[in-house]
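I have placed the structure first, in the form of structure tokens, so that the comments after it can refer back to it.
Given below as structure tokens:
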């Protein structure tokens with residue numbers, strides 16, 4: 106297996122690079138499909154429920170306890186990296202840096218990137234777009250939360266954070282409703298003056314955006330610039346003479362489209378500390394634009410350059426001013442500079458601190474000019490998609506990319522990857538059944554890769570290019586494996602990786618998700634299923650030979666680009682197939698696709714995120730949903746014992762995050778469950794009657810996928826912030842009654858049972874008697890052992906139950922309550 110992996114990597118070097126380039130060049134659409142994917146998960150109410158999401162964050166943040174003290178183990182990778190948004194250098198140092206990540210928080214290095222330490226994990230939001238260090242008192246730093254590139258709610262921040270002890274502790278200091286803080290500047294002449302550029306929450310049209318100013322080091326803030334309820338500030342700089350410049354940007358999401366261009370995208374200038382502003386226009390482009398990056402000379406405050414990204418999301422021209430912005434001249438419109446058709450994703454421009462003729466433009470590639478922007482050269486040696494560039498001096502440069510952190514001592518001619526940092530964003534994970542300690546995963550921007558902590562955190566290898574998704578393996582033949590890249594493209598090998606078959610060419614015309622679901626059947630290794638807008642099956646293993654076994658399972662495209670989002674097959678009965686869609690449809694087939702029944706009655710009208718058939722009960726199934734609604738305080742996880750004919754909520758005390766995946770432990774009668782959501786990992790041993798957070802060291806980060814390695818007996822999860830993490834399954838399912846963490850939940854949601862302990866019967870208070878009230882009694886293993894209907898009676902017979910501890914769950918049309926009951 107090691108041999109075939111090595112050979113496959115050699116033969117895929119060229120193809121992997123090509124696949125990554127496809128990721129950056131699918132210019133048929135005006136934006137990365139990732140945009141559409143994240144927006145579709147908010148179906149049908151884009152923009153609703155942000156307050157509910159914030160409440161969920163605060164609830165988890167306030168409750169720092171865990172189910173037990175077992176930490177998650179990082180399996181890696183460290184060396185692959187992930188998207189870094191910003192870099193800050195400690196004043197006076199050439200080895201002490203900080204990086205802010207898309208979801209992974211802030212990391213610090215004191216040895217020029219050889220080792221890193223996470224220093225922001227207690228924050229409510231770990232999406233960071235800028236870090237500003239006080240030049241006079243470098244122990245004081247500010248962090249702007251929220252991801253300026255933006256995707257879903259998990260990338261929206263909660264304002265500005267401040268540390269006064271060099272990052273050991275951080276405190277939020279305001280602007281929590283501003284969505285994304287794209288830039289923070291400190292006035293070097295008066296470090297109590299702080300400027301914060303706010304992009305806003307793109308899902309809401311409101312006034313919480315623009316430019317904010319604090320004159321008391323962040324204690325209070327005043328808004329000093331505002332354009333419109335969908336226009337934010339993306340770039341900001343302050344010159345040595347105190348003049349401020351900012352650029353505006355439209356970033357609005359509505360239904361299933363992103364609004365990214367506007368005639369209001371302009372450069373603005375203030376010469377009086379932000380009291381008044383002037384829109385600059387002389388010599389600059391007019392009309393609709395996407396984004397503008399600006400930079401200023403280190404020695405001449407009147408020399409500035411502006412990089413325009415036009416309404417085609419590509420390079421619109423380089424402009425220069427020598428009079429502080431009064432007039433501008435066009436320097437370059439060369440087609441050499443390629444924004445890949447999604448220039449909104451990057452576009453910063455940087456000027457050498459000692460040479461005003463050396464200019465860098467950050468895009469898919471890094472472009473450098475040594476003649477004032479007249480011509481540019483392109484570099485190909487670093488990972489694609491560049492987000493920040495900082496200078497130690499003219500020769501020593503630091504670069505932030507989608508593939509991590511790079512350093513150059515040759516003014517950008519040669520680069521050294523300096524990752525050693527676990528920030529890879531995984532969509533899907535798997536284990537190699539032929540190599541017990543080998544984990545595979547598909548990641549945003551970094552393809553499909555493999556490795557583990559035991560193999561070396563810094564020795565993970567890329568297996569396939571593009572944006573990576575679900576790896577799969579044949580359980581009987583070690584030569585056969587599958588990899589997936591964006592939009593449902595699957596490749597397979599059956600020749601030790603020496604050649605690959607494109608499995609999905611015949612499905613190119615089908616609507617498919619950015620994260621298309623497919624699986625190899627556990628009943629027959631030659632049977633594969635894939636969900637586009639319908640379900641297809643092949644019975645011939647790793648070849649492109651699909652047959653549609655369902656009609657369109659969505660409601661079509663009238664209200665958006667709808668697709669199948671999740672599929673599963675019963676591990677007990679191969680004839681039973683389940684499917685969920687982006688527009689809230691849930692289906693079951695009991696005859697391997699010959700016919701389908703819609704089973705979403707009583708389920709929420711939401712994006713279906715995961716559906717999993719029970720490992721122990723042929724007729725049982727779990728289903729979860731994404732999305733938010735205003736005034737909705739519940740997570741959405743449901744269970745059926747009759748193939749979806751009826752459903753019961755088992756979310757109880759789960760925080761109201763979108764649930765991304767479900768895993769059920771076999772042999773527990775569906776009582777032991779793990780879910781991954783946008784805030785972490787949660788488990789229950791009481792069939793959902795009570796949930797607890799898993800692990801002592803995972804910050805509030807999105808987790809997208811769960812799997813189990815039976816050889817190592819470890820649960821492992823794909824986080825979208827902190828690489829792959831694992832934990833012993835026995836540690837995950839430690840009985841919560843032994844540690845008592847349910848007490849806080851019970852104290853807030855209990856109802857009185859008396860007598861307690863009891864012998865033959867127990868009663869509830871009359872106020873809980875309701876015509877439609879039910880009581881469910883679970884044993885310590887989470888099995889439902891007794892079910893009561895209240896029927897206007899307050900007393901319930903339990904004489905047939907054995908002595909022991911039970912959980913009693915009360916439900917009526919409005920409430921759910923849990924209480925512990927002891928029977929003696």
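Numbering (the working numbering), first residue to last: 106 to 929.
Even glycine gets a Cβ: it sits at the ideal position worked out from N, Cα and C.
Out of 180, 322, 307 and 278, which one is the CA nearest neighbour of residue 239? Residue 239 has its Cα closest to that of 322, out of 180, 322, 307 and 278.
If you reduce the DSSP assignment to three classes, tell me which class residue 308 lands in. Residue 308 carries a coil assignment under DSSP once its states are collapsed to helix, strand and coil.
Residue nearest to residue 290 in terms of C-alpha spacing, selected from 517, 916 and 316: Nearest option by C-alpha distance: 316.
Which residue marks the beginning of the alpha helix (DSSP H) containing residue 162, and which one marks its end? First-last of the alpha helix (DSSP H) with residue 162: 155-167.
C-alpha gap between residue 926 and residue 913, whole angstroms: In a straight line, the C-alpha of residue 926 is about 7 Å away from that of residue 913.
Measure the beta-carbon distance from residue 462 to residue 499 and round it to whole angstroms, keeping in mind my assumption that it falls under 8 Å. About 11 Å; that fails the 8 Å criterion.
My assumption, with CB atoms under 8 Å, is that residue 750 sits in contact with residue 742. Please give the rounded CB distance. Not quite, the Cβ-Cβ distance comes to about 18 Å (not below 8 Å), so this is no contact.
Considering residue 835, what are the terminal residues of the alpha helix (DSSP H) in which it resides? Counting along the chain, the alpha helix (DSSP H) containing residue 835 begins and ends at 834-837.
Could you pull out every residue in the same chain whose Cβ sits closer than 7 Å to the Cβ of residue 396, ignoring the five residues on either side in sequence? If we look at residue 396 and ignore the five residues flanking it on each side, its Cβ neighbours are 339, 354, 370, 414, 448, 449 and 452.
Would residue 186 and residue 529 qualify as a contact pair, given that the criterion is a beta-carbon distance under 8 Å? Yes, Cβ-Cβ distance for residue 186 and residue 529 is below 8 Å.
Can you name the start and end residues of the beta strand (DSSP E) that residue 425 belongs to? Here the beta strand (DSSP E) through residue 425 covers 420-426.
Compare the Cα-Cα distances from residue 833 to each of 437, 827 and 822 and report the closest residue. Distances from the CA of residue 833 to each of 437, 827 and 822 were compared; the closest alpha carbon is that of 822.
Under the criterion of a Cβ to heavy atom distance below 7 Å, does residue 386 qualify as lining the ligand ADP? You won't find the ligand ADP in this model; it holds no ligand whatsoever.
Short Cβ contact (8 Å threshold) for residue 734 with residue 666: Contact flag unset, no.
Relative to the C-alpha of residue 326, which candidate in 347, 358, 282 and 365 has its C-alpha closest? Ranked by Cα distance from residue 326, the options 347, 358, 282 and 365 are led by 282.
Among 422, 426 and 421, whose alpha-carbon lies nearest the alpha-carbon of residue 387? Relative to the Cα of residue 387, the nearest Cα in the group 422, 426 and 421 belongs to 426.
Does residue 634 come out as helix, strand or coil in the three-state DSSP assignment? Residue 634: strand per DSSP, three-state reduction.
List the endpoints of the continuous beta strand (DSSP E) containing residue 788. Looking at the DSSP string, the run of the beta strand (DSSP E) that includes residue 788 is 785-789.
Beta carbon of residue 824 nearer than 8 Å to that of residue 531: Pairing residue 824 with residue 531 gives a Cβ-Cβ distance under 8 Å.
Should residue 703 be labelled buried (16 or more other beta-carbon atoms within 10 Å of its own) or exposed? Per the 10 Å Cβ criterion, exposed.
Helix, strand or coil: which one does DSSP assign to residue 745? In this structure, residue 745 counts as strand in the three-state DSSP scheme.
Should the segment 712-720 be called in touch with the segment 768-780, which here means at least 3 C-beta pairs below 8 Å? Taking 8 Å as the limit for Cβ pairs, the verdict is that the segment 768-780 does touch the segment 712-720.
What separation, rounded to the nearest whole angstrom, lies between the Cα atoms of residue 334 and residue 367? So the alpha carbons of these two residues sit roughly 13 Å apart.
Since I believe residue 244 is in contact with residue 269 (beta carbons under 8 Å), could you give me their beta-carbon distance rounded to a whole number of angstroms? That pair is a contact at about 6 Å.
For residue 485, tell me which candidate among 467, 479 and 501 has the shortest Cα-Cα distance. When each option's Cα is compared against that of residue 485, the closest is 467.
With C-beta atoms as the reference, is residue 724 less than 8 Å away from residue 746? Taking a C-beta distance under 8 Å as the contact criterion, residue 724 and residue 746 qualify as a contact pair.
Which ranges does the beta strand (DSSP E) cover as unbroken runs of at least 3 residues, wholly within the segment 343-369, from first to last along the chain? The beta strand (DSSP E) runs lying completely inside the segment 343-369 and spanning 3 residues or more are 349-355, 357-359 and 362-364, given in chain order.
Using 8 Å as the threshold, is the segment 870-881 in touch with the segment 897-916, meaning 3 or more CB pairs across them? Enough Cβ pairs lie closer than 8 Å, so yes.
Entirely enclosed beta strand (DSSP E) segments - the segment 498-560, minimum 3 residues: The segment 498-560 contains these whole beta strand (DSSP E) runs: 502-506, 509-513, 531-536, 544-548 and 552-556.
Tell me whether residue 373 is buried or exposed, calling it buried when 16 or more other Cβ atoms sit within 10 Å of its Cβ. Buried is the call here.
Alpha carbon to alpha carbon, how far is residue 475 from residue 552? Cα-Cα distance, rounded: 34 Å.
Identify every residue that forms a DSSP beta bridge with residue 798. Note: residue 798 sits in a beta bridge opposite 787.
Here's the rule: buried if 16 or more other CB atoms are within 10 angstroms of the residue's CB, otherwise exposed. What is residue 641? Buried is the call here.
Beta strand (DSSP E) containing residue 782: first to last residue? 778-782 is the span of the beta strand (DSSP E), which, as asked, contains residue 782.
Do the CB positions of residue 713 and residue 679 come within less than 8 Å of each other? No, these two residues do not count as a Cβ contact at 8 Å.
Is it buried or exposed, residue 762, if we count other Cβ atoms within 10 angstroms and call 16 or more buried? Here residue 762 is buried. Its C-beta has 16 or more other C-beta atoms within 10 Å.
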